[in-house]
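Comments concern the structure below.
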Amino acid sequence: MRIALLKIAPFEGNLRHLNALFDYLKNKGVELREITLDPNNVQKVVEEIQEFRPAFTFDVNGTGIIVAEKDGQKKPLYDILGFIHVSIFVEEPNLHFPNLFGLEHQNLIALVTDVRYVESLRVLGIKNVSYITPFLEFSIFPEPEKERDIDVIFLGPVIDPQIIVDAVSKNLPEKIFPLFMETAEFMFRNPEVSVWHALDIVLSIFNPQFQEEFAKWRQEKPQDFLRMVNDIAMLATMRKRWFLISFLEGINLKIVGDFRGDLMEDHERIETKDHDELLKIFGRTRISILSFPHTVPSGIGITPLEVCAMASAPMIDFRGTLPGFLVPEKEVIPYLPLDRADIEEKILYYLDNPQEAEEIGKNAQKAVLDRYRVDDRAEFVYKTLKDIFDQATKQAQEKAEEKQEEEI
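Residue numbers for the sequence shown, in our numbering: 80 to 487.
What follows is the structure, given as structure tokens:
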């Protein structure tokens with residue numbers, strides 16, 4: 080069974096965990112070839128794929144979809160040549176809509192790490208979806224520090240929401256802008272709602288004339304609409320994160336990652352030059368505060384698992400699906416994202432009781448070592464591919480036999 084992995088560049092950052100999946104497939108006997116995509120020489124890539132004749136091609140977040148033209152229509156290469164393409168979505172699919180928009184996808188399987196990514200994929204016309212929980216490649220982690228010298232960090236990116244509002248207001252039609260603002264605010268007040276559900280609810284509140292105008296704009300400017308959806312999720316996420324850090328003023332909070340805005344009292348920013356340095360910071364930290372982005376609507380995400388792997392106690396906003404991934408108060412410190420008293424009380428408690436935070440960090444590390452390995456996820460992928468391959472091989476043999484009988 081041959082698989083071609085289509086890559087723009089080597090996997091960097093938390094995408095490096097995906098190497099574990101492809102190493103597993105190779106150990107199962109899969110013939111894997113990595114093909115680097117060259118936008119300046121697409122024909123060479125196509126020729127290499129045709130020469131290799133894979134049963135499947137893979138990419139990440141739709142970045143390896145090659146579009147060709149047949150009979151005056153744009154079609155994905157995998158539909159034209161007749162092989163199966165598997166796209167692994169470790170991020171919200173709508174963030175990558177330019178790779179998927181305006182195409183029919185007959186031979187595409189979307190492998191998602193969040194169940195509710197199905198909503199975006201349906202909007203983009205993709206129906207074949209399978210789910211796997213995230214996993215880690217444990218060989219990339221350094222040893223955590225024995226003595227932790229950072230009490231608490233807050234994981235970014237963190238952006239002053241007004242910066243996003245100002246940027247979107249310059250590009251979005253004035254008549255559509257109120258819907259953008261109201262939907263983002265609704266999501267901020269209802270942290271577990273998805274952007275698609277929120278948009279439907281808020282739009283229903285507007286008068287019929289606005290709804291007609293919006294439907295017309297969406298039909299005429301579908302890509303602008305999808306960008307607006309992404310901007311809504313971004314604004315709602317940053318509203319939540321800015322709210323959190325705003326009342327933690329006075330606590331020696333270290334914000335790790337991108338930060339845009341004015342730092343508050345006793346806050347400082349830690350810049351990291353690469354992913355390895357980020358992991359080392361997790362290994363120096365007792366408590367890592369995370370705020371789920373709205374682009375991870377129900378899953379756990381890779382970053383919280385990396386925090387756990389470095390034995391830092393993850394402090395994560397509670398939602399209904401969280402206990403399915405980590406045990407509250409034992410492997411994770413949950414907080415209610417809009418409850419200021421709950422958040423302040425828990426941070427102060429664990430700062431006063433660092434040994435308890437470190438115990439949760441150790442439990443979290445054991446949890447991911449036990450439950451977030453690649454093996455069962457990769458075995459599921461392998462069996463799925465093998466079933467498809469065996470079925471296709473059988474059908475090809477039956478057709479060949481029928482043709483042979485006709486010739487006789």
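Yeah, the Cβ is synthetic: ideal placement off N, Cα and C, and Gly gets one too.
For threonine 316, the three-state DSSP class (helix, strand or coil): Helix.
Worksheet item: Does the region 182-197 come within contact of the region 328-341, defined as at least 3 CB pairs closer than 8 Å?
Response: Counting Cβ pairs under 8 Å, fewer than three are found: no touch.
For glutamate 347, which residues of its own chain have a beta-carbon under 6 Å away from its beta-carbon, when the five flanking residues on both sides are left out?
Scanning its chain for C-beta atoms nearer than 6 Å, with the 5 sequence neighbours on each side dropped, one finds around glutamate 347 the residues Lys333, in chain order.
How is glutamate 292 classed by DSSP in three states: helix, strand or coil? Look at glutamate 292 here: in three-state DSSP terms it is helix.
Residue closest to serine 209, alpha-carbon to alpha-carbon, out of Gln474, Lys473, Tyr461 and Ala471:
Residue Tyr461 is the option with its Cα nearest to serine 209.
So arginine 227 packs on arginine 112, CB below 8 Å; how close in whole Å?
43 Å between Cβ atoms; not a contact.
- Alpha carbon to alpha carbon, how far is threonine 472 from alanine 134? Take the alpha-carbon of threonine 472 and the one of alanine 134: they are about 10 Å apart.
Answer with buried or exposed for arginine 365, where buried requires no fewer than 16 other C-beta atoms within 10 angstroms of its C-beta. The residue is buried, with at least 16 neighbouring Cβ atoms inside 10 Å.
Quiz item: Are the beta-carbon atoms belonging to valine 308 and valine 274 less than 7 Å from one another?
Solution: Yes, Cβ-Cβ distance for valine 308 and valine 274 is below 7 Å.
ask   = Which runs of the alpha helix (DSSP H) fall wholly inside the region 209-271 and span at least 4 residues, in chain order?
value = Look at the region 209-271 and you find these whole runs of alpha helix (DSSP H), each 4 residues long or longer: 240-250 and 256-268.
Isoleucine 280 by DSSP, collapsed to three states: which one?
-> Residue state, collapsed to three classes: helix.
| Sorted by chain position, which residues of the same chain lie with C-beta nearer than 8 Å to threonine 136's C-beta, five sequence neighbours on each side aside? | Correct list, in chain order: Ile82, Ala83, Leu84, Leu85, Ile128, Gly143, Tyr157, Phe162, Ile163, His164 and Val165.
Hey, quick one: how far does the beta strand (DSSP E) through aspartate 138 stretch, first residue to last?
Aspartate 138 -> beta strand (DSSP E) spans 135-139.
Whole-number beta carbon distance between proline 236 and aspartate 341, since they are thought to touch under 8 Å: Wrong, their Cβ atoms sit about 15 Å apart, outside the cutoff.
Discussion item. So, does the region 258-269 touch the region 315-323, judging by three or more C-beta pairs under 8 Å?
Written reply: Result yes; three or more Cβ-Cβ pairs closer than 8 Å.
Handout entry: Residue closest to isoleucine 381, alpha-carbon to alpha-carbon, out of Ala294, Ile238, Ile467 and Phe217
Key = Answer by Cα proximity: Phe217.
- prompt: Taking Cβ positions, are leucine 369 and proline 383 nearer each other than 7 Å?
  reply: It is a contact, given that the beta carbons lie within the stated cut-off.
Next on the checklist: Please report the distance separating the alpha-carbon of aspartate 466 from that of proline 287.
Outcome noted: In a straight line, the C-alpha of aspartate 466 is about 50 Å away from that of proline 287.
- Sort Phe459, Glu435 and Glu423 by Cα distance to leucine 323 and report the nearest one. Looking from the CA of leucine 323, the closest CA among Phe459, Glu435 and Glu423 belongs to Glu423.
Original post:
Among Ala315, Leu278 and Asn178, which one has its Cα closest to the Cα of aspartate 239?
Top reply: Ranked by Cα distance from aspartate 239, the first of Ala315, Leu278 and Asn178 is Ala315.
- Report all residues from its chain with a CB closer than 7 Å to the CB of proline 413; omit the five preceding and five following residues, and keep chain order. Contacts found: Ile395, Phe397, Leu401 and Pro407.
query = Looking at C-alpha atoms only, which residue of Gln298, Pro301, Leu258 and Leu104 is the closest neighbour of isoleucine 280?
reply = Of the candidates Gln298, Pro301, Leu258 and Leu104, the one whose C-alpha sits nearest the C-alpha of isoleucine 280 is Leu258.
What does a CB cutoff of less than 8 Å around valine 146 pick up in its chain, not counting 5 residues either side in sequence?
So the list reads Lys153, Lys154, Pro155, Leu156 and Leu182, once near-sequence residues are dropped.
Original post:
Once you ignore the five residues that flank histidine 354 on each side, which residues in its own chain have a CB closer than 6 Å to its CB?
Top reply: Leaving aside the five residues that flank histidine 354 on each side, the residues in its chain whose CB is nearer than 6 Å to its CB run, in chain order, Gly92.
**Prompt:** Should isoleucine 379 be labelled buried (16 or more other beta-carbon atoms within 10 Å of its own) or exposed?
**Reply:** Classification for isoleucine 379: buried.
| In the DSSP assignment, what residue or residues form a beta bridge with aspartate 455? | Answer is none; aspartate 455 lacks a bridge partner.
- Message: Just to confirm before moving on: does the CB-CB distance between asparagine 442 and lysine 409 stay below 7 Å?
- Response: Yes. Within cutoff.
To test your reading of the DSSP string, which unbroken beta strand (DSSP E) runs of 3 or more residues are found completely within the region 169-195? Runs found: 187-191.
Item to check | Through-space distance from glycine 399 to leucine 405, alpha-carbon basis | outcome: So the two alpha carbons sit approximately 12 Å from each other.
Contact check, arginine 456 vs isoleucine 167, beta carbons under 7 Å:
It is not a contact, given that the beta carbons lie outside the stated cut-off.
Determine the extent of the beta strand (DSSP E) in which proline 393 is found, giving its start and end residues. Counting along the chain, the unbroken beta strand (DSSP E) around proline 393 starts and ends at 392-396.
Residue closest to serine 325, alpha-carbon to alpha-carbon, out of Asp310, Asp117 and Asp345:
Selection Asp310, Asp117 and Asp345 evaluated against serine 325 yields Asp345 as nearest (Cα-Cα).
Original post:
Between the C-alpha atoms of proline 393 and glutamate 170, what's the straight-line distance to the nearest angstrom?
Top reply: Our two residues, proline 393 and glutamate 170, have alpha carbons roughly 20 Å apart in a direct line.
- Task: Starting from isoleucine 379, trace the alpha helix (DSSP H) both ways and give me its first and last residue.
- Result: Counting along the chain, isoleucine 379 falls outside any alpha helix (DSSP H), and DSSP gives it neither H nor E.
Query raised in the report: At which residues does the alpha helix (DSSP H) containing arginine 450 begin and terminate?
Result: 433-450 is the extent of the alpha helix (DSSP H) around arginine 450.
Checklist line | For valine 460, three-class secondary structure by DSSP | finding: Valine 460 falls in the helix class under three-state DSSP.
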